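Take 1390 as the starting number for the sequence shown in our numbering and just add one per residue. Even glycine gets a Cβ: it sits at the ideal position worked out from N, Cα and C. Everything numeric in this text was worked out from a predicted model, so none of it was measured. Below is one structure, written out as structure tokens; the observations come after it.
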Amino acid sequence: MLKLGIIGTSPISHEFIKAVSLSHSYTLSAVYSRKLETAKTFAQSYENITLFTDVNKFFSSDLDVIYIASPNSLHFEQAKAALQAKKHVIVEKPMVSTLEELAILTKTAQEHNVFLLEAARNYHEKAFATIREFLDSQTILGGQFTYAKYSSKMKDLLAGKIPNIFSADFSGGALMDLGVYTLYAAVGLLGKPNASTYTAQQLPNSVDLNGTGVLTYPDFKVTIRPGKNISAFGGNEIYTADGTLVLDSCEWISSAIFHKHDGSTTELSIQAASHQMQEETLAFAQVIENQDWNLAQKWLSDAQVVHETLYSMRQDAGIIFKADTHVQ
Ligand SMILES: NC(=O)c1ccc[n+]([C@@H]2O[C@H](COP(=O)([O-])OP(=O)(O)OC[C@H]3O[C@@H](n4cnc5c(N)ncnc54)[C@H](OP(=O)(O)O)[C@@H]3O)[C@@H](O)[C@H]2O)c1
């Protein structure tokens, strides 16, 4: 069993713990919070957890793997310190704010012989493999991936506050938050694009509320549509020479139906996991337990493509983060 430590005490950490308990591969051992009261409240739901408010003591404790679910801009320093302490690291998406951060984390993980894993949950769904296999025999003509959900933080934003998720200091915005899933869908299902563009509705701090991106592949184009001040109820399709594959979503996919040009349909065999983070937590545990460096390297190569695309899209739209001005 992998001894697990958690950074971040918001609802997503509780969800992660629910998912790891389904994989039967981890033991929840410790939580770090800036405040003891917060750590205590968080730990109420669990047994035998050590509470830390000193992050260095947390990193040097007897843990195998650390899950980081803090605001985006904090991922880099926390992940770097955890890797240097020889812990395997699962970092919430987006793993980093800049490509320089990704290069440093990748090198640090290699130097310390530990795994660096990005919690891009849709990329690890079995549905991706099923869809990829189906697409192998198809000629792709284009596609679109959409993930737009009206944020619970919109109320604060409209009241004049800047919640972390809309903050340039914390590397927020629709593209970083939900767009990353659309990019993992594009890269995971269709491969690496040659170029990208992004236009967005933006706040005065440059952070995007929603936007439209175009990925250019050698023979087709793919549109992505992330949003946090709008909700979308469709918009996940892959066009081929024979018809259209309609997905119910680009994450936690439970349905994929191919509509042929002759009007007939074929449903792909897809069974969504009972928890949306279940498949990634199992995949991470297997890679760590089997010491599968090749598979982890393949994931990191795809993460590199996703983050290169995120970065070039941000540049195109003029989305500038505090992290962009940091010299590492
Ligand atoms: N996979 C998914 O489905 C999913 C869903 C939601 C979010 N996420 C990801 O999870 C991460 C956290 O998102 P969130 O919405 O939960 O963020 P958040 O609520 O803003 O912060 C998460 C935790 O980070 C700590 N924190 C907050 N502000 C901080 C600050 N200024 N300085 C230091 N620590 C701070 C807090 O823990 P303490 O008070 O205990 O220190 C807080 O509970 C993001 O990377 C996001 O993309 C993933």
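Between residue 1533 and residue 1630, the gap from beta carbon to beta carbon reaches 8 Å or more.
In this structure, residue 1393 lies near residue 1416, with their beta-carbon atoms less than 8 Å apart. Under the three-state reduction of DSSP output, residue 1598 falls in the strand class. In chain order, 1634, 1645, 1647, 1657 place their CB closer than 8 Å to the CB of residue 1523, counting only its own chain and leaving out the 5 sequence neighbours on each side. About 11 Å separates the beta carbons of residue 1505 and residue 1465, which is beyond the 8 Å limit, so they are not a contact pair. Straight across, the Cα-Cα distance linking residue 1570 with residue 1579 is about 14 Å. Counted as a single uninterrupted DSSP element, the beta strand (DSSP E) harbouring residue 1648 occupies residues 1645 to 1649.
Unbroken alpha helix (DSSP H) stretches of 4 residues or longer found wholly inside the region 1466 to 1532: 1488 to 1500, 1515 to 1524, given in chain order.
Not one heavy atom of ligand 1 falls within 7 Å of the beta-carbon of residue 1652. Put simply, of 1680, 1620, 1420, 1670 the residue whose alpha carbon is nearest the alpha carbon of residue 1442 is 1420. For residue 1578, the enclosing alpha helix (DSSP H) covers residues 1569 to 1579.
In the three-state DSSP reduction, residue 1423 falls in the coil class, being neither helix nor strand. Per DSSP, the unbroken beta strand (DSSP E) holding residue 1615 starts and ends at 1610 to 1616. The beta-carbon separation of residue 1621 and residue 1507, rounded to 24 Å, does not stay under the 8 Å limit for a contact.
Taken through DSSP and simplified to helix, strand or coil, residue 1592 comes out as coil. In the three-state reduction of the DSSP assignment, residue 1401 falls in the helix class, which pools H, G and I. With fewer than three CB-CB distances shorter than 8 Å, the region 1551 to 1558 does not count as touching the region 1672 to 1688. Under the DSSP assignment, residue 1700 falls in the alpha helix (DSSP H) whose first and last residues are 1682 to 1706. Secondary-structure assignment with DSSP links residue 1441 through a beta bridge to 1421.
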